[in-house]
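Chemist: Have a look at this one before I ask anything.
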Amino acid sequence: MGALTKGRYLSMTGLLLLVYYTVSVFSKGATGDAQPDALPSVQGTLPHFIQEPEDAYIVKSNPIKLRCRAAPALQIFFKCNGEWVHQNEHFSQEYKDLNTGLKVREVMINVSRQQVEDFHGPEDYWCLCVAWSHLGTSKSRKATVRIAYLRKNFEQDPQGKEVPINGMIVLHCRPPEGVPVAEVEWLKNEELLSSLTDDNIDTRADHNLIINEARLSDSGNYTCLASNIVAKRRSATATVIVYVNGGWSLWTEWSPCNVPCGRGVQKRSRTCTNPAPLNGGAFCEGMSVQKITCNALCPIDGSWDEWSEWTLCSSQCEKQRSRECNSPAPRHRGKMCEGNSEATENCTDGLCTQSMDNSNDVALYSGLGAGIIAVVILVIAIMLYRKNHSEYGEDVIDSSALTGGFQSFNFKTTRQGNPLLLNSSMQPNLAVGRTYSTPLCFQESTDKELFDPLPDIKVKVQSSFMVSLGVAERAEFHAKASAETFPRDLSQDYSITTHRRKQGLLTLNGPFSTGKEQLRTNGVFGHPGGRLVVPNTGVSLLVPHGAVAENMSWEMYMVINQGEASVQTLEGCEILLGPEVMYAPPGLDLSCPVAMTIAHCAKVDTENWNIQLKRKTQDSKWEEVMSVEEESTSCYCLMDSTSCHLLLDQPGSYALVGEPLTQAAVKRLKLAVFGSMEACSMSYSLRVYCVDDTPHAFQGVVAAEKTRGGQLLEEPKMLPFQANTFSLQVSIQDVPQFLWSIKPFTTCQEFSFPQVWCSNQQPLHCAFSLERYSPATTQLSCKISVRQVKGQEQILQVYTAVAETEKESVPFFMQTDCTITSQTGPKAFKIPVSIRQRICATFDTANAKGKDWQLLAQKLHLDRNLGYFAKQRSPSAVILSLWEARHQDTADLDSLASALEEIGKIHSKSSPKDQDEPASDLNHIQAGSVCGTGKVTNQTREDSAPDYTG
351 MGALTKGRYL SMTGLLLLVY YTVSVFSKGA TGDAQPDALP SVQGTLPHFI
401 QEPEDAYIVK SNPIKLRCRA APALQIFFKC NGEWVHQNEH FSQEYKDLNT
451 GLKVREVMIN VSRQQVEDFH GPEDYWCLCV AWSHLGTSKS RKATVRIAYL
501 RKNFEQDPQG KEVPINGMIV LHCRPPEGVP VAEVEWLKNE ELLSSLTDDN
551 IDTRADHNLI INEARLSDSG NYTCLASNIV AKRRSATATV IVYVNGGWSL
601 WTEWSPCNVP CGRGVQKRSR TCTNPAPLNG GAFCEGMSVQ KITCNALCPI
651 DGSWDEWSEW TLCSSQCEKQ RSRECNSPAP RHRGKMCEGN SEATENCTDG
701 LCTQSMDNSN DVALYSGLGA GIIAVVILVI AIMLYRKNHS EYGEDVIDSS
751 ALTGGFQSFN FKTTRQGNPL LLNSSMQPNL AVGRTYSTPL CFQESTDKEL
801 FDPLPDIKVK VQSSFMVSLG VAERAEFHAK ASAETFPRDL SQDYSITTHR
851 RKQGLLTLNG PFSTGKEQLR TNGVFGHPGG RLVVPNTGVS LLVPHGAVAE
901 NMSWEMYMVI NQGEASVQTL EGCEILLGPE VMYAPPGLDL SCPVAMTIAH
951 CAKVDTENWN IQLKRKTQDS KWEEVMSVEE ESTSCYCLMD STSCHLLLDQ
1001 PGSYALVGEP LTQAAVKRLK LAVFGSMEAC SMSYSLRVYC VDDTPHAFQG
1051 VVAAEKTRGG QLLEEPKMLP FQANTFSLQV SIQDVPQFLW SIKPFTTCQE
1101 FSFPQVWCSN QQPLHCAFSL ERYSPATTQL SCKISVRQVK GQEQILQVYT
1151 AVAETEKESV PFFMQTDCTI TSQTGPKAFK IPVSIRQRIC ATFDTANAKG
1201 KDWQLLAQKL HLDRNLGYFA KQRSPSAVIL SLWEARHQDT ADLDSLASAL
1251 EEIGKIHSKS SPKDQDEPAS DLNHIQAGSV CGTGKVTNQT REDSAPDYTG
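Numbering-wise (the working numbering), the sequence shown opens with residue 351 and increments by one.
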């Protein structure tokens, strides 16, 4: 049936029903048979809608139901989009309202998704109800029917932010398009946020999330959740980091002076904990430790004044005298005078009368007293005699001298298996110790003049004769055994040394005399970076990848200054702990600091040493750059046991300078003994060297001995030398006297304290000349004792063959790459460039869970002076450069891989969803040679590797 026909049919049906009910009512009224219960339905009112159809949404393919309810109503029909709904599609029922007695009619229809989709009109699909009564019709409101949906993509996702504490956080969110319009809620770390429970949060402004004052607890992952009756949609997660910039705490009180007497140091400190930097916040700027010098009053022990005159003889035949402890009086915790302040003696000058028995007693006691005094004097003399022998050594008196020719003597040959020492079948030459990790390489131009002139050395022997071994000057050092405290004694010795510095007797940096050629190395470096090495000196320079701009290159060079001007400009008790190193050119323009490594000879102890990094100014004066235990944002200094690693921003001449604070300060000495035949074939010379324990200083000894044809007779040893102002003694012992003779009074020789302490990288040496009785003697066995008075001792055991025939020469160097001084590009670094870049990208970005460059520095044990790293454009890159410089002598990446693996484990525990292994990029790396070449297994350094997400 067509729509028009259908509408006409319904209209005619309704009209006929209306006429029927009207006629029925009037006919009943005329006859008087109308029933009382029918009267309410014929009242003069139009139909009234008790329930009108409501707007509805079709979800998926489920039809919706529209209902109408009216009273009084004879009939109700639906009309949708201007057309009547067929009567068969209506579901109707009728009942009587118990309260009003009116008949109520209810009608319902179903609307399907297909009906709505098939409708194409200017407005939404709509339906209304039409109700009939005997007086007319009534229409309900229009109810719209729409198909519900919700798009997948948000029109605007929230974006992550880094906000300072107490700042405002605004996260924008525009939900996807949908019908009905989606409602928006916010999730923080998967938990629902509500502005009703937190006044600091507002979620009512256009779906945006506003946090008025950021708190640390507001850091987290935020998600915008949109939902309607169809579905729920989640936006991309926005990470919000609330960071805290560090602030200094108050300064502590000044510490007590660190020495009980004399010149010392006071410290005070503060910490970056008010507040501490969190979540990538800026580190505090400035120094964390301040130092000032202090002068503690030295204790003055009391001393007795002169005795007073004797009093007159008393009636008891006694006279008395007294003295006072005031010359000087004890002050500043000084000791009181020892002994009695009063003395009493018997007077027998005839003024008193005594009995014969008393006279006999006096004579007896006088004799006993004289005997006791004689014994005491004898004991003291013996003790002084023994002390004099033990203090300065003695001539050779050993078991071989007692047995003479009655006992056979067996010589021990050179110990086998030690590549440092030459055996008797080889040409007398020089071998190199294993103490240093880098090979010792030398130039053929080194000549015998390297040790001329040698500093004066005085021989102190039992008979008090002083035999001069010096060739330049006859000045003598005396180490005074004063009762004063250490700073005064040390300052006296240093004043002597300073005087000798001005005279040019003590020079800087090894045995090279003034005017010799400088140790220099150079190389051309571009954007890939590289490394400069001064062979056999413990000095190197690392130019990081990217320090030089692209399409540019610089010729850089390093020079070890070997002049004496550096010593003359040091102040007070300062000494050089390593060579003075200059890197240039002056106008160098780099984007990140270079890493310089300098070997030193100090036993690092902040309580006993004040170690500073100094730089030479244009007028050749030294200025302090930083103290190694202080924090600075202009320079970084990392002290290891034998080397100092520096991060420098500008070229110049640098030196590591130490000032002893107490007598417990120790610097390391390298001891070595060399031997060679003299011009007379019957004489053999033993030379003992005492030099600062740095590769550069020992290189001078090796170069000089090479020109002399010297043979290293014992593996070099280390002796800790204390700043206690006591001298260094060298003695030869256990020489077989029936085979060898030695000049009298030369078995014990001595260096004064200033000579050793202020040697400033210049070697000191003494010689023992021995002569064999017979050409048949081909072996020499003895001991060399090197000890500091009231300090430690080392024994150098000599077993060597004395040969006259020409022997096979021994090669100096066992490593073919020892002359490499410059490396550029990836081969100069342990860490491949691709992995280095990924590590920097990971740790330079602040993370809410604390995975940033500070954690990397902590795991690599570089977590002091963090303020310096915070100032760098890429803190992680500078940290890795420092790690490279610190581990240049090791050929593996185990420590770095272990640190990254540990960071990965920590992060995986806190974030189970991220299971990437942080050290995966390093699993394929193998270490290269000692000279710094590395290789990558199965791929080159530039190959890609899995991203490190840690």
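C-beta: ideal position from N, C-alpha, C; glycine also. Owing to the predicted nature of the structure, the values given are computational and were not obtained by experimental measurement.
With 16 other CB atoms within 10 Å as the buried threshold, where does Glu-1100 fall?
Modeler: One-based indexing of the sequence shown puts residue 1100 at position 750. Buried, by the Cβ-count rule.
Chemist: With C-beta atoms as the reference, is Cys-951 less than 8 angstroms away from Gly-928?
Modeler: Looking up residue 951 in the sequence shown gives position 601. Looking up residue 928 in the sequence shown gives position 578. Result yes, Cβ atoms of Cys-951 and Gly-928 sit closer than 8 angstroms.
Chemist: If you pair each beta-carbon of the region 416-432 with each one of the region 477-486, do three or more pairs fall below 8 angstroms?
Modeler: yes
Chemist: Within 10 angstroms of the Cβ of Arg-1186, are there 16 or more other Cβ atoms? Answer buried if so, exposed if not.
Modeler: By one-based count along the sequence shown, residue 1186 stands at place 836. Per the 10 Å Cβ criterion, buried.
Chemist: Excluding the 5 residues preceding and the 5 following Pro-1225 in the sequence, name in chain order all residues of the same chain whose CB lies nearer than 7 angstroms to its CB.
Modeler: As a working mapping, residue 1225 is identified with position 875 in the sequence shown. Around Pro-1225: Asp-1194, Trp-1203, Phe-1219.
Chemist: What three-state label does DSSP hand Asn-558 in the structure shown?
Modeler: By 1-based counting over the sequence shown, the position of residue 558 is 208. Coil, per DSSP.
Chemist: Determine the burial state of Leu-1078: buried for a count of at least 16 other Cβ atoms within 10 Å of its Cβ, exposed for fewer.
Modeler: Position 728 of the sequence shown, counted from the first residue, corresponds to residue 1078. Leu-1078 is buried by the Cβ-count criterion.
Chemist: Counting Cβ pairs, one atom from each stretch, are 3 or more of them under 8 angstroms apart for the region 881-888 and the region 900-912?
Modeler: Touching, yes, given that three or more Cβ pairs across the two stretches are closer than 8 angstroms.
Chemist: Could you check where the beta strand (DSSP E) with Gln-401 kicks off and where it finishes?
Modeler: Residue numbering aside, residue 401 sits at position 51 when the sequence shown is read from its first letter. Where Gln-401 is concerned, the enclosing beta strand (DSSP E) stretches over 398-401.
Chemist: Is it the case that the Cβ atoms of Asn-1215 and Tyr-986 are separated by a distance below 8 angstroms?
Modeler: Position 865 of the sequence shown, counting from 1, holds the residue named residue 1215. Position 636 of the sequence shown, counting from 1, holds the residue named residue 986. Yes, these two residues count as a Cβ contact at 8 angstroms.
Chemist: Pull up the distance between the alpha-carbon of Val-931 and that of Gln-1147, whole angstroms please.
Modeler: Start at 1 with the first residue of the sequence shown, and residue 931 comes out as number 581. Start at 1 with the first residue of the sequence shown, and residue 1147 comes out as number 797. Their Cα atoms are separated by approximately 36 angstroms.
Chemist: List the DSSP bridge partners of Gln-962.
Modeler: Within the sequence shown, the letter at position 612 stands for residue 962. Partner(s): Ser-977, Val-1007.
Chemist: DSSP three-state label for Met-518, please.
Modeler: As a working note, residue 518 is residue 168 in the sequence shown. Coil at Met-518, not helix or strand.
Chemist: Whole angstroms are fine: how far does the CA of Val-893 sit from the CA of Ser-605?
Modeler: Taking the first residue of the sequence shown as position 1, residue 605 is located at position 255. Taking the first residue of the sequence shown as position 1, residue 893 is located at position 543. When rounded, the distance between both Cα atoms is 40 angstroms.
Chemist: Quick one: does Phe-1076 have its CB under 8 angstroms from some CB of chain D?
Modeler: Among the protein chains of the structure shown there is no chain D, as only one such chain exists.
Chemist: Three-state secondary structure (DSSP) at Asn-571?
Modeler: Stepping through the sequence shown from its first residue, residue 571 is reached at position 221. Taken through DSSP and simplified to helix, strand or coil, Asn-571 comes out as strand.
Chemist: Run through the DSSP bridge pairs and tell me what Asp-1194 is partnered with.
Modeler: As a first step, residue 1194 is located in the sequence shown; it is residue number 844 there, counting from the start. Answer is none; Asp-1194 lacks a bridge partner.
Chemist: Where Pro-1001 and Met-976 are concerned, what is the direct C-alpha to C-alpha distance, given to the nearest angstrom?
Modeler: Within the sequence shown, the letter at position 651 stands for residue 1001. Within the sequence shown, the letter at position 626 stands for residue 976. If you take the alpha carbons of Pro-1001 and Met-976, they lie about 16 angstroms apart.
Chemist: Is the beta carbon of Leu-396 sitting closer than 8 angstroms to the one on Ser-488?
Modeler: As a position in the sequence shown, residue 396 is number 46, starting the count at 1. As a position in the sequence shown, residue 488 is number 138, starting the count at 1. A contact, by the Cβ cut-off of 8 angstroms.
Chemist: Taking the straight line between their C-alpha atoms, what separation do you get for Ser-1245 and Glu-1143?
Modeler: Start at 1 with the first residue of the sequence shown, and residue 1245 comes out as number 895. Start at 1 with the first residue of the sequence shown, and residue 1143 comes out as number 793. One C-alpha to the other measures close to 36 angstroms.
Chemist: What residues match up with Trp-536 in a beta bridge as DSSP calls it?
Modeler: For the purposes of this step, residue 536 is identified with residue 186 of the sequence shown, where counting begins at 1. The partner list for Trp-536 (beta bridge, DSSP) reads Cys-574.
Chemist: Would Arg-1037 and Phe-1048 qualify as a contact pair, given that the criterion is a beta-carbon distance under 8 angstroms?
Modeler: For the purposes of this step, residue 1037 is identified with residue 687 of the sequence shown, where counting begins at 1. For the purposes of this step, residue 1048 is identified with residue 698 of the sequence shown, where counting begins at 1. Taking 8 angstroms as the Cβ cut-off, Arg-1037 and Phe-1048 do not qualify as a contacting pair.
Chemist: Using CA coordinates, which residue listed in Arg-419, Arg-455, Leu-448, Ile-459 is at the minimum distance from Gln-437?
Modeler: One-based indexing of the sequence shown puts residue 437 at position 87. Per the Cα distances, Ile-459.
Chemist: Among Ile-925, Ala-581, Val-944, which has the Cα closest to the Cα of Gly-896?
Modeler: Within the sequence shown, the letter at position 546 stands for residue 896. When each option's Cα is compared against that of Gly-896, the closest is Val-944.
Chemist: Helix, strand or coil: how does DSSP classify Leu-662 here?
Modeler: As a first step, residue 662 must be located in the sequence shown, where it is residue number 312. Reduced to three states, the DSSP call for Leu-662 is coil.
Chemist: Taking the alpha carbon of Ala-564 as the reference point, which residue from His-557, Ile-579, Arg-554, Asp-548 has its own alpha carbon closest?
Modeler: Here the question's residue 564 lines up with position 214 in the sequence shown. Out of His-557, Ile-579, Arg-554, Asp-548, Asp-548 has the C-alpha closest to the C-alpha of Ala-564.
Chemist: Which first and last residues belong to the alpha helix (DSSP H) in which Trp-1107 is found?
Modeler: Translated into positions along the sequence shown, residue 1107 becomes position 757. 1103-1107 is the extent of the alpha helix (DSSP H) around Trp-1107.
Chemist: For Glu-657, count neighbouring C-beta atoms within 10 Å of its own C-beta (all shown protein chains included) and say buried if the count is 16 or more, exposed if not.
Modeler: To locate residue 657, count along the sequence shown from 1; it is residue 307. The sequence shown places Trp at residue 657, not Glu. Flag for Trp-657 reads exposed.
Chemist: In the DSSP assignment, what residue or residues form a beta bridge with Ile-910?
Modeler: As a first step, residue 910 must be located in the sequence shown, where it is residue number 560. DSSP lists Leu-869, Val-931 as partners of Ile-910.
Chemist: To which residues of the same chain is Pro-680 closer than 7 angstroms at the C-beta, ignoring the five residues directly before and after it?
Modeler: If you number the sequence shown from 1, residue 680 lands on position 330. The residues Ile-650, Asp-651, Gly-652, Met-686, in chain order, have a CB closer than 7 angstroms to that of Pro-680 in the same chain once the five nearest residues on each side in sequence are set aside.
Chemist: Taking the continuous alpha helix (DSSP H) assigned at Trp-1233, which residues delimit it?
Modeler: The sequence position of residue 1233 within the sequence shown is 883, counting from 1. Trp-1233 -> alpha helix (DSSP H) spans 1225-1236.
Chemist: For the alpha helix (DSSP H) holding Arg-463, just list the boundary residues, first then last.
Modeler: As a working mapping, residue 463 is identified with position 113 in the sequence shown. Where Arg-463 is concerned, the enclosing alpha helix (DSSP H) stretches over 463-468.
Chemist: For a test of the three-state rule: what should DSSP assign to Val-392, helix, strand or coil?
Modeler: Indexing the sequence shown from 1 puts residue 392 at position 42. With a pLDDT of 43 at Val-392, under the threshold of 50, the modelled position of this residue cannot be trusted; read the value that follows with caution. Helix, per DSSP.
Chemist: Under 8 angstroms, with one C-beta from each stretch per pair, do the region 449-467 and the region 407-416 reach the 3-pair mark?
Modeler: yes
Chemist: So Asn-431 and Gly-471 are supposed to be a Cβ contact under 8 angstroms. How far apart are they, rounded?
Modeler: Translated into the one-based positions of the sequence shown, residue 431 becomes position 81. Translated into the one-based positions of the sequence shown, residue 471 becomes position 121. Rounded, the Cβ-Cβ distance is 6 angstroms, consistent with contact.
Chemist: Under 6 angstroms Cβ to Cβ from Gln-443, same chain only, skipping five residues before and after it: list those, please.
Modeler: As a working note, residue 443 is residue 93 in the sequence shown. Cβ neighbours of Gln-443 within its own chain (closer than 6 angstroms, five residues either side excluded): Glu-456.
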